[in-house]
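The end of the sequence shown is residue 419 by the working numbering, with every number in the run present. Don't be surprised by glycine CBs; every beta carbon is placed ideally from N, CA and C. Reviewing the structure listed below.
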Amino acid sequence: MSGIRDVVIIGSGPAAALCTARARLKPPLFGSSVFVGGSLTTTTEVENFPGFPDGVDGPVLMETMRAQAEKCGAEMIDDDIVAVDLTGDTKLLTDTTGTVHRAKTVIIATGSGCRKLGLPKEDELSGRGVSWCATCDGFFFKGRDVVVVGGGDTAMEEATFLTRFAASVTVVHRRSTLHASKVTQGRAFADDKIAFAFDSEIAEIKESGGMLAGVVLRDVLTGATRDLDVTGLFIAIGHDPRTELFTGRLALDAEGHVTVDSPATRTSLPGVFAAGDVVDRTYRQAITAAGTGAAAALDAERHLSARTVAGNAPVPAAMPV
């Protein structure tokens, strides 16, 4: 990729890619090992995205949107941006090979990453019984007993999905009630394969022969512990915004989300915009992420138009509708 691009998208923002592509800005989207697919790739059925009356699997929805963006002229680059300098009129973005890409505007759509328990052996046993993605790994637990940690929608979706394969699923939650939506709660409670351990947390992860060999549950009210013989541990306790790349370079809130001039998507630096879960601390839905992605595309196009007018050059055509 040579020259100065009008816009570069960092992350997995198919809506931003689609809308900037339709504005003939030919956007490259950098999103491979770190940002590929975003949270949708670890989501089972999405029921509230317009246009899918029977719902749609998260990975299918993401792939469909990416294909649509590519058809309109977006370029999907299988690489990550690992360093940025966003201060000047020309933004400098360095990829994993050390190549520096230059852009007039940048849209940040790096999403969020799965939160961890912070226990010993958690990372060591990743892929060896510990997982953050039921849709990715559930198949490998046919006929086994597994545990899901969490009390939100994601945890209930993971638990329900896992019943397709697992012999039993135990949901572990630190509180006495779930905070998932009534719909996802109802599905989980109605499933005979799902049991609940309320007011409980994972105190220890057991390992044998390099594989998960069980967990120790602790009652948060009494402190009492008990062993749970499982070979699968699925962690669904929330997400943290993926903003490590922008710490100290952009204004972030206390939780690490990029702050924007809402309802616009402008960040603390001119020419830099942000959308999706990296910004959203309230809704975190596929449809709201797509909406802010489209808004970021519009904001980036208007910023480019303003730069062109300031330079006394012809104003480009408006974004088609």
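Asked: Extent of the continuous alpha helix (DSSP H) to which residue 265 belongs; Found: Element bounds for residue 265: n/a, residue is neither H nor E.
Asked: Enclosing beta strand (DSSP E) for residue 212 [first to last residue]; Found: 210 to 212
Asked: Residues that DSSP places opposite residue 174 in a beta bridge; Found: 127
Asked: CB of residue 207 within 8 angstroms of CB of residue 303, strictly; Found: no
Asked: Sub-8 angstroms separation of residue 113 and residue 388 beta-carbons; Found: yes
Asked: Neighbour-count burial assignment, residue 145, 16 or more Cβ in a 10 Å radius; Found: exposed
Asked: Bridge partners - residue 330, DSSP secondary structure assignment; Found: 244
Asked: Inter-residue CB distance, residue 254 and residue 282 (contact presumed, cutoff 8 angstroms); Found: 4 angstroms
Asked: Opposing strand residues paired with residue 199 [DSSP bridges]; Found: 191
Asked: Own chain residues within Cβ distance below 7 angstroms of residue 168, not counting five before or after; Found: 174
Asked: Continuous alpha helix (DSSP H) assignments of at least 4 residues falling wholly in the stretch 336 to 381; Found: none
Asked: Buried/exposed call for residue 235, threshold 16 Cβ in 10 Å; Found: buried
Asked: C-alpha gap between residue 230 and residue 185, whole angstroms; Found: 35 angstroms
Asked: Residue 250 vs residue 278 beta-carbon contact at 8 angstroms; Found: yes
Asked: Beta-bridge partners of residue 294, as assigned by DSSP; Found: 269
Asked: Boundaries (first-last residue) of the alpha helix (DSSP H) holding residue 165; Found: 156 to 169
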